[in-house]
Structures are given as C-alpha cells and as structure tokens.
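The structure under discussion appears below in the form of structure tokens.
Numbering (our numbering), first residue to last: 745 to 1046.
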C-alpha cells in the first residue's frame, strides 16, 4: 500500500492509465484464485469426494450466484448498492481476522469491521466519484450517471468516510489500552488505507488493496491450519500458496472463460478496461456466496 501511494502521487497520470492493472493481475494472482478455492473448500467442509460429490456440495453456492445474477439484471441499482454494503462487511471481516482482532467482543468486532470497510470504499467514492462509479454503472447499464446521482453518491461516500475515521479511531484507542503494539499496527494500516483510497485513482487503489492485502490474507488463511490440507503442515508458505493456485483451477478456468465471453457480449471487445469492468461485475455476483462460505470456516488465529 505504501508503494501504491508513492506511485500514485509521483505518477498520477500513469496510475490512471494503468488503473486496470491490479484487477487484471488479480485474475491470476490471489484475487480470483482465492475465490476459486471456494470449490475446494466447500468439498472439504462437506467431506464430499469426487467430482459428483463436490458438485452436489457446490449447488447452494451456485444458487446464490444465480440469485445475484437475477437481481443484477432486474434491480441493478439496488444490487450494486447492496454489493457495496456487503463489500464493507466482507473486507472489514477479513481484516478483523487477519489483524488478530477476531477474539474481541461483538461490539468491538462491529466497530472494527464497519470502520475498516468504510475506510476502504468511502474515500474512493467521496473524492473520485465519477471514476469510482463508472465500472459499476457500466455493468448495471446505467452509464453515464446523472450529475444528481453522482452528487448523491459523493455525499453518502463522504459520510461513510467520516464514519470510518471515527470508528477506526475508537478501535485504535481501545486496543492501544490493551495491546500498544497491536493498536499501533492497526493505526498505521488504517492510515495507509485512507491515504491510498483518498489520494490515488480509485480503480488502481482499491484493486491494489484487493490483490495485495485482502486476497493475499484470504489465501494465507486457506492454506494455513486448521483449514489447509494436513499434508501441507511444515511446508513453506510460498509452496502452499503455489499449490493453492493449482488446486483452484477447477473453478478458476470456467470463471475466466465466463469473464471473457461476458466481456465480448457486453462490449464487443477484449480491452483491459472492459475486462476489468466485467471482473468487477463477476465480483458483484460471487461475493455473497463467497462471504457466506467464509462464515462457515473454522476459527482462525493468524
């Protein structure tokens, strides 16, 4: 994140030209692979073996995706707004566990999740409203947005930004009293997220956070005890992560095919920005079942 901030401030025009890069990189590095591991994880949690058994266990996941598709088609604006709220919760929950705050009280966990999630999305939409909204509006078939709609999004996002700053500050104060070192790390990380999403072009900033922090942390969790395969114990982390990228191919390969076909059908071309837009559209469809599955995972201590 520090490098992303420096790059965005030193080379703002280049960051804008390459705003698609983190999201497209996430198709192959941690982003889509960690999501495609849901196929493997569902099989492990259900103790199903073989392709037929895994498919049977994966049916509820596919039904959630189908419901998301229908909602995106018939209620695109509502679906995108709901996805934003879900992303706040999903990103915040992942960071809660990865930063060692998962064992705190319900109130403290709520403060952290809401504060962290609002800091990730709020500043991007508050300070770079049109650039942030464009891919979502394209997916929903509502681009270009009206000035009134952009103003409304900016106002709501500014409120989320302020709320995120307040809640993150409350969390840091409470944690510093118990664990000064952990509280300081939480403060530094929150400040980096705020600076990244407020100062750097939004697609680049959020994409960079997604691939380098959120998806990476999820990946580490998936290959670590108690969730990782028993035979991976004692194996270096990089080898476990490499094995994850192989294990996920059963779901990753058809996912990439869907993204390519969707991009061609909707935009009639396969340029970087169109692929990025459709990738975000796929996240809108898949994040709900992905998050629900995450809630079923065993307790995690980083």
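Beta carbons are placed, not taken as given, at the ideal position from N, Cα and C, and that holds for glycine.
Buried or exposed (CB count within 10 angstroms, at least 16 for buried), residue i
| i | result |
| --- | --- |
| residue 832 | buried |
| residue 925 | exposed |
| residue 796 | exposed |
| residue 1036 | exposed |
| residue 934 | buried |
| residue 746 | exposed |
| residue 748 | buried |
| residue 986 | exposed |
| residue 930 | buried |
| residue 865 | buried |
| residue 1029 | buried |
| residue 982 | exposed |
| residue 1012 | exposed |
| residue 879 | buried |
| residue 819 | exposed |
Option in the options with minimal Cα separation from residue i
| i | options | result |
| --- | --- | --- |
| residue 894 | 761, 877, 884, 906 | 877 |
| residue 825 | 1025, 1038, 1034 | 1025 |
| residue 773 | 963, 801, 868 | 963 |
| residue 919 | 849, 790, 1042, 756 | 849 |
| residue 852 | 914, 888, 879 | 914 |
| residue 941 | 869, 887, 889, 1018 | 869 |
| residue 988 | 999, 880, 965 | 965 |
| residue 1027 | 788, 784, 808, 791 | 808 |
| residue 928 | 817, 844, 799 | 844 |
| residue 902 | 880, 867, 932, 884 | 867 |
| residue 948 | 785, 788, 1002, 1021 | 1021 |
| residue 1007 | 882, 817, 820 | 882 |
| residue 1000 | 1019, 960, 897 | 1019 |
| residue 798 | 786, 1042, 806 | 786 |
For residue j and residue i, the rounded distance between their alpha carbons
| i | j | result |
| --- | --- | --- |
| residue 771 | residue 984 | 19 Å |
| residue 813 | residue 945 | 28 Å |
| residue 899 | residue 997 | 40 Å |
| residue 775 | residue 765 | 12 Å |
| residue 802 | residue 1040 | 14 Å |
| residue 971 | residue 912 | 29 Å |
| residue 873 | residue 888 | 12 Å |
| residue 907 | residue 794 | 47 Å |
| residue 957 | residue 834 | 13 Å |
| residue 936 | residue 760 | 19 Å |
| residue 715 | residue 922 | A question about residue 715 goes unanswered here, because the residues of the chain that appear run from 745 up to 1046. |
| residue 1047 | residue 767 | Shown here, the chain extends from 745 to 1046; a query on residue 1047 therefore has no answer. |
| residue 917 | residue 909 | 12 Å |
| residue 875 | residue 763 | 10 Å |
| residue 756 | residue 788 | 45 Å |
| residue 800 | residue 854 | 34 Å |
Boundaries (first-last residue) of the alpha helix (DSSP H) holding residue i
| i | result |
| --- | --- |
| residue 842 | 820–842 |
| residue 1022 | 1016–1039 |
| residue 764 | No alpha helix (DSSP H) holds residue 764; DSSP gives it neither H nor E. |
| residue 686 | Residue 686 lies beyond the stretch modelled for the chain, which goes from 745 to 1046, so this question has no answer here. |
| residue 955 | Note, residue 955: premise wrong, no alpha helix (DSSP H); not H, not E. |
| residue 967 | Careful: residue 967 lies outside any alpha helix (DSSP H) and carries neither H nor E. |
| residue 922 | 891–922 |
| residue 777 | 775–780 |
| residue 988 | 981–991 |
| residue 746 | 746–754 |
Original post:
At a cut of 8 Å, does the segment 986–998 reach the segment 772–779 through at least three beta carbon pairs?
Top reply: yes
Subject >> Any 3 or more C-beta pairs closer than 8 Å across the segment 836–845 and the segment 856–866 >> reply: yes
Subject >> Contact the segment 945–954 vs the segment 751–759: 3+ CB pairs below 8 Å >> reply: yes
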